[in-house]
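All remarks here apply to the structure that follows.
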Amino acid sequence: MKKEITRRQLLGYGAVMGGTLAGGAMLGNDMAIAGKDKKTWAYHELDPAETEKLGYEGFYEGRCCFGTFKSIIGQLGDKYGAPYEDFPFEMMKYGTAGVAFWGTLCGAMNGTAAAVGLLLSGEDRDKIITSLYAWYEKTEFPIYSPPKPVHDCNMPKTSAGSVLCHRSVGKWLQASGNTFISKEKLERCARVAADAAKKAVELLNAHLHGTFKEGAISTTASSCLACHGIEKEANALSKMDCRICHGDKLPHPKR
């Protein structure tokens, strides 16, 4: 039996459909607005001096990798909210003393590179990290002198010639006569964290303003890569100063 639809029923169905469509339209508008307001991990200019101070303080909160990373991303969170403030900062403590005390990559370099990698991608990311690491290899640390140091002590400066924690800390310990467990060593690394955080922000600021120029790797590394790099023998993959591991005089076959 065919069921007839009355005018009243038709109007009722129309009201329901109209409400559904209106609700869908409103939801669509809300989604469009949300899409426009979607937060991204974009970089905003930061003050190098403020970042330096936060890097120093962050070291004593969670050591090198944590301190440098939080000085940048945490600061962005304080100023701009999400998504920066939502990052699980505690995880960055993995990088302490060259990753869980393995003495590999310096935690200050690890933390700053992680921050750069969160904010940039591709060649922009890699060029800034390369510049940061090249600077670290040749710079005499520490530079930062806090107005109220946690440990007020004699602070000689040394250049690591490497981004490795073991090498960087080892050279400083040899020059200063301190031990790995001394308060002087802690203070030294806190100041290096400050230096690294400041430099990373200076590079990020330059990139933001279009004035960034990539720093050069060591002449030793570039010379070695001329033969051993990907364009020729392709049997070495590194931008580090080769002498740190291989010494000054490497045997070479006669050509």
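Note that our numbering has the sequence shown beginning at 78, numbered continuously upward.
Cβ coordinates follow ideal geometry from the N, Cα and C atoms, glycine included.
Note that the structure is a prediction, hence the values are computed from the model and not measured.
Measuring alpha carbon to alpha carbon, tell me which of the options ends up nearest residue i.
i           : options            : result
residue 221 : 212, 214, 232, 215 : 232
residue 267 : 230, 285, 283, 288 : 230
residue 216 : 160, 245, 261, 166 : 245
residue 259 : 228, 136, 171      : 228
Compute the minimum distance between the beta carbon of residue i and the heavy atoms of the ligand FAD, and state whether it is under 7 Å.
i           : result
residue 255 : This structure lacks the ligand FAD; in fact it carries no ligand of any kind.
Taking the C-alpha atoms as reference points, what is the distance between residue i and residue j?
i           : j           : result
residue 277 : residue 271 : 10 Å
residue 183 : residue 241 : 5 Å
residue 156 : residue 162 : 9 Å
residue 236 : residue 247 : 11 Å
residue 223 : residue 134 : 10 Å
residue 166 : residue 195 : 13 Å
residue 197 : residue 152 : 17 Å
residue 63  : residue 191 : Because the chain here runs from 78 to 332, residue 63 falls outside it and cannot be looked at.
residue 203 : residue 122 : 19 Å
residue 205 : residue 199 : 10 Å
residue 164 : residue 171 : 15 Å
residue 138 : residue 147 : 10 Å
Kindly list the residues whose CB is nearer than 7 Å to the CB of residue i, restricted to its own chain and excluding five residues on each side of it in sequence; keep chain order.
i           : result
residue 125 : 275, 278, 279
residue 173 : 140, 141, 142, 184
residue 181 : 175, 241, 242
residue 265 : 219, 232, 249
residue 234 : 217, 218, 219
Rounded to the nearest angstrom, how far is the Cβ of residue i from that of residue j, given a contact under 8 Å?
i           : j           : result
residue 132 : residue 144 : 6 Å
residue 269 : residue 219 : 5 Å
residue 149 : residue 117 : The Cβ separation is near 16 Å, so there is no contact.
residue 207 : residue 273 : Not quite, the Cβ-Cβ distance comes to about 14 Å (not below 8 Å), so this is no contact.
residue 201 : residue 284 : 6 Å
residue 250 : residue 256 : 7 Å
residue 213 : residue 186 : 6 Å
Looking only at its own chain, which residues have a Cβ that is under 8 Å from the Cβ of residue i, when we skip the five neighbours before and after it?
i           : result
residue 225 : none
Quick one: give me the first and last residue of the alpha helix (DSSP H) that residue i is part of.
i           : result
residue 247 : 242-253
residue 136 : 125-146
residue 282 : 260-285
residue 232 : First-last for residue 232: undefined, no H or E at that position.
residue 210 : 199-215
residue 189 : 184-196
Quick one: what's got a C-beta closer than 6 Å to residue i's C-beta in the same chain, skipping five residues either side?
i           : result
residue 281 : 120
residue 289 : 283
residue 136 : 144, 267, 270
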